[in-house]
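Asks:
Numbering (the UniProt record's numbering), first residue to last: 1 to 254.
Written out as structure tokens, the structure is:
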């Protein structure tokens, strides 16, 4: 959608005065987004859930002052990352996933809460063909993005900061920050998003894909309003740390 064809608010409730282009990072590109080769059928439920999730957040955020486009992407990225931790914790409780490295690594904090790491999360965030990164970056690439986040650096930074005040603070260009910060976004928004994610009996393992399809819609509708490279950076900077959060610290009845 071009900026002059229709008001952005007709599709997404947010404002964005000026696009803020992202300077080319000095770090290396971790990988090119992999185009999906999967049949549409396994993803159909995630796609329709993603549409409903976006509509829900549009309505939910209408109750607040309109957020900048960057913050809206931050909400979706934060929720997407957290859904991977939610799926992991559900599997552990059900006994279908064991606390065994490298699939699952658990760090217990001084307050008794946990931080989750391991391949279960990493695959859904970035490593498998249908991942948050590949779906997000694939749409951004269609809109001209050629530079993508250095994912190994991001994952390493999040791991090192897991017990510090720097945890969950996105590193974004030009002094851009998230308001509210990602963890608060998750605490505020995920409890109301969960019933939407459950609506079509989508498996919790695939909630991240529904979020990714919602993110794709936002990026596509924002063409010309924000650098697509920045879109991917915001999503991943919010998603990776939020994938480490203990769901019990967010959901009272988990």
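For every residue, glycine included, the Cβ atom is placed at its ideal position computed from N, Cα and C.
1. Start and end of the alpha helix (DSSP H) containing residue 83?
2. Could you please give the first and the last residue of the uninterrupted alpha helix (DSSP H) stretch that includes residue 218?
3. Which same chain residues end up closer than 7 Å to residue 200 when comparing Cβ atoms and leaving out the 5 residues on each side of it in sequence?
4. Going residue by residue through the segment 114 to 145, where are the continuous alpha helix (DSSP H) segments of at least 4 residues, counting only ones entirely within it?
5. Give me the Cα-Cα distance between residue 206 and residue 243, rounded to the nearest whole angstrom.
6. Using 8 Å as the Cβ pair cut-off and three pairs as the minimum, do the segment 181 to 200 and the segment 91 to 108 touch?
7. From residue 101 to residue 116, what distance separates their C-alpha atoms?
8. Have a look at residue 236 and residue 88 and give me their C-alpha separation to the nearest angstrom.
9. Is residue 110 buried or exposed, if buried means 16 or more other CB atoms sit within 10 Å of its CB?
10. Tell me whether the beta-carbon of residue 82 lies closer than 8 Å to the beta-carbon of residue 190.
11. Does the beta-carbon distance from residue 215 to residue 73 come in below 8 Å?
12. Going by C-alpha distance, which of 145, 128, 196 and 97 is nearest residue 53?
13. Using beta-carbon positions only, say whether residue 168 and residue 153 come within less than 8 Å of one another.
14. Give the single residue among 230, 225 and 159 whose Cα lies nearest to the Cα of residue 114.
15. Take residue 71 as the anchor and find which of 136, 181 and 194 has the nearest alpha-carbon.
16. Taking the straight line between their C-alpha atoms, what separation do you get for residue 192 and residue 147?
17. When we look at the beta-carbon of residue 137 and count the other beta-carbons within 10 Å, is it buried (16 or more) or exposed?
18. Would you list the residues sitting across from residue 105 in a DSSP beta bridge?
19. In this structure, how does DSSP classify residue 226 when only helix, strand and coil are distinguished?
20. Determine, using beta carbons only, whether residue 120 and residue 104 come nearer to each other than 8 Å.
21. Who are the near neighbours of residue 84 in its chain, counting only those whose CB is closer than 7 Å to its CB and skipping five residues on each side?
22. What residue from 223, 247 and 252 has the CA that sits closest to residue 144's CA?
23. Select from 248, 77, 238 and 253 the residue whose C-alpha is nearest the C-alpha of residue 166.
24. Between which two residues does the alpha helix (DSSP H) carrying residue 244 extend?
25. What three-state label does DSSP hand residue 33 in the structure shown?
26. When you compare only the Cα positions, how much space is there between residue 174 and residue 157?
Replies: Looking at the coordinates:
1. 69 to 94
2. According to the DSSP assignment, residue 218 belongs to the alpha helix (DSSP H) that extends over 207 to 221.
3. Counting only Cβ-Cβ distances below 7 Å, and skipping sequence neighbours, we find 45, 48 and 49.
4. 119 to 122 and 132 to 142
5. 14 Å
6. no
7. 11 Å
8. 19 Å
9. exposed
10. Cβ atoms of residue 82 and residue 190: closer than 8 Å.
11. Yes.
12. 196
13. no
14. 159
15. 181
16. 34 Å
17. buried
18. 117
19. coil
20. Cβ distance < 8 Å, so residue 120 and residue 104 count as in contact.
21. Contacts found: 121, 124, 125, 208 and 243.
22. The candidate whose alpha carbon is nearest that of residue 144 is 223.
23. Of the listed residues, the one whose Cα sits closest to residue 166 is 238.
24. Following the DSSP letters along the chain, one finds residue 244 in no alpha helix (DSSP H), marked with neither H nor E.
25. Its pLDDT being 48, under 50, residue 33 is placed unreliably in this model, and the coordinates cannot settle the point.
26. 19 Å
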